[in-house]
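Reviewing the structure listed below.
Residue numbers (this note's numbering): 8 to 410.
What follows is the structure in structure tokens.
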């Protein structure tokens, strides 16, 4: 299937000299996106650190790669060179920086990684200004209704998704293979293999963590605690490691795109809760509780929206939740350029009235858009963002307006 990011990458190659860094979870489609560029460029070269022959070429140095890609010859168009999973090379930053500085006038460079590429950009010379980072997310509703270009406004007009596509997305998750297969047995096998690769390969090769079995237990606990406030002390007692170890392991799981955190918003919130975050998964299909799955589903859509705005320079966005010591809470708050912009409460049913907390924080924070997003309500062909008062909206309508 055609991904939204295909358009984003091609726009970058047409307009910018900087390297493209594609960062996202294992099996989310980064390699496919990078390889699809081959259709547009005659001279295309792909090097994967996981392939021994390619690794040997990279280790021979930048000039050797330049010779292989014929960068010492005059050409009609730029050459595109992809370095896949090169963050696993300890000297990857030095290699990439040197290659870019040597050949930036002669080629376009794409770097992909199943780990946060900006996290591993530590020490030595900075690559500041040499690359633009794009976070690659699982498939979401916006992609399935073919929001395949930049929206004229912040959001898209609503479009109806096929009910079968929506159900498949919710059941199997947004990773391309299980979504496209739409088969429970395939999904089970695929998720088992991905889990093994994450914990037995990626974590062991990219971190110093030895207690992988206990880390897997932590990951399993997080699946059952999606949408709840993280209590590091309780987790440390359950897994029998220190609180600092729990913090380090949570950072590792985020770096490798197993999960992401949403922090509480405290500015202008009376008696705000300014402590622990909530954790959500990139693969919501792992969440068993239906209500928590719905919340995770919306969380990932909002997180993808927020990082897309930031990655493409369309503003400074952040995703938070709101809760005070009196337990008045709203699931999500999107902040735009430091100001509250969107409040979202997630509910399974449209039968419940608009949450009192939603009304309270809409007034308290003066938020332009306030939605109670529900899952048992059919698509309505109305632009949610034209409403200024708190309102109940179908998940299918609201999510179709995001990237």
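A virtual CB, placed ideally from N, CA and C, is assigned to each residue, including glycine. Quick caveat, the model's predicted, so the values are computed rather than measured.
Residue range of the unbroken beta strand (DSSP E) whose run includes residue i
| i | result |
| --- | --- |
| residue 286 | 285-288 |
| residue 163 | Element bounds for residue 163: n/a, residue is neither H nor E. |
Residues that residue i bridges to, as DSSP identifies them
| i | result |
| --- | --- |
| residue 376 | 349 |
| residue 30 | 120, 142 |
| residue 385 | Residue 385 is not bridged to any residue. |
| residue 325 | 342 |
| residue 52 | 88 |
| residue 114 | 86 |
| residue 401 | 381 |
| residue 271 | 328 |
| residue 354 | 381 |
| residue 279 | 331 |
| residue 266 | 288 |
| residue 337 | 329 |
Integer-rounded CB distance, given that residue j should sit under 8 Å from residue i
| i | j | result |
| --- | --- | --- |
| residue 73 | residue 109 | 7 Å |
| residue 260 | residue 289 | About 10 Å separates the two Cβ atoms, so there is no contact after all. |
| residue 76 | residue 52 | 5 Å |
| residue 183 | residue 193 | Contact doesn't hold; Cβ gap of about 12 Å is too wide. |
| residue 287 | residue 233 | 6 Å |
| residue 301 | residue 355 | 6 Å |
| residue 292 | residue 179 | 6 Å |
| residue 337 | residue 364 | 5 Å |
| residue 33 | residue 204 | 6 Å |
| residue 176 | residue 146 | 7 Å |
| residue 404 | residue 389 | 7 Å |
| residue 47 | residue 82 | With 8 Å as the limit, residue 47 and residue 82 do not qualify as a contact, their Cβ atoms being about 15 Å apart. |
| residue 20 | residue 29 | Rounded, the Cβ-Cβ distance is 12 Å, inconsistent with contact. |
| residue 366 | residue 347 | Actually they do not touch by this definition, with Cβ atoms about 14 Å apart. |
| residue 410 | residue 154 | 6 Å |
| residue 237 | residue 285 | 7 Å |
| residue 313 | residue 325 | 7 Å |
| residue 111 | residue 24 | 6 Å |
| residue 148 | residue 406 | 4 Å |
| residue 49 | residue 79 | At roughly 17 Å, the Cβ-Cβ gap does not stay under 8 Å, so residue 49 and residue 79 are not in contact. |
| residue 116 | residue 161 | With 8 Å as the limit, residue 116 and residue 161 do not qualify as a contact, their Cβ atoms being about 30 Å apart. |
| residue 264 | residue 31 | 6 Å |
| residue 151 | residue 172 | 5 Å |
Continuous alpha helix (DSSP H) stretch holding residue i: start and end
| i | result |
| --- | --- |
| residue 301 | 297-318 |
| residue 37 | 37-43 |
| residue 185 | 183-188 |
| residue 16 | 11-22 |
| residue 148 | 148-151 |
| residue 177 | 170-179 |
| residue 192 | 191-204 |
| residue 64 | 59-66 |
| residue 213 | 210-213 |
| residue 81 | Per DSSP, residue 81 belongs to no alpha helix (DSSP H) and is neither H nor E. |
| residue 74 | 69-75 |
CB contact below 8 Å: residue i versus chain D
| i | result |
| --- | --- |
| residue 51 | Of the protein chains in this structure there is only one, and it is not chain D. |
Check: residue i C-beta below 7 Å from any heavy atom of the ligand FMN
| i | result |
| --- | --- |
| residue 348 | With respect to small molecules bound, the structure shown includes none, and the ligand FMN cannot be examined in it. |
(request) Enumerate, from N- to C-terminal direction, the unbroken alpha helix (DSSP H) stretches of 4 or more residues contained entirely within the segment 230-260. (result) Fully enclosed alpha helix (DSSP H) runs of 4 or longer: 239-246.
(message) Closer than 8 Å is the cut-off here; do at least three beta carbon pairs connect the segment 374-383 with the segment 114-122?
(response) no
(request) Count the CB pairs spanning the segment 309-326 and the segment 140-158 that are closer than 8 Å, and state whether there are at least three. (result) yes
(message) With three or more C-beta pairs closer than 8 Å as the rule, is the segment 266-274 touching the segment 325-343?
(response) yes
(request) Specify whether the segment 10-23 and the segment 93-102 touch according to this definition: at least 3 beta carbon pairs, one from each stretch, less than 8 Å apart. (result) For the pair of segments examined, the segment 10-23 was found not to touch the segment 93-102: the number of CB pairs separated by less than 8 Å stays below three.
(request) Could you say if the segment 245-257 and the segment 214-227 meet the contact criterion of at least three C-beta pairs nearer than 8 Å? (result) yes
(message) Counting beta carbon pairs with one atom in the segment 223-232 and one in the segment 160-169, are three or more of them shorter than 8 Å?
(response) No, the segment 160-169 is not in contact with the segment 223-232.
(message) Can you confirm whether the segment 83-94 touches the segment 52-65 when touching is taken to mean that 3 or more C-beta pairs between the two stretches lie within less than 8 Å?
(response) yes
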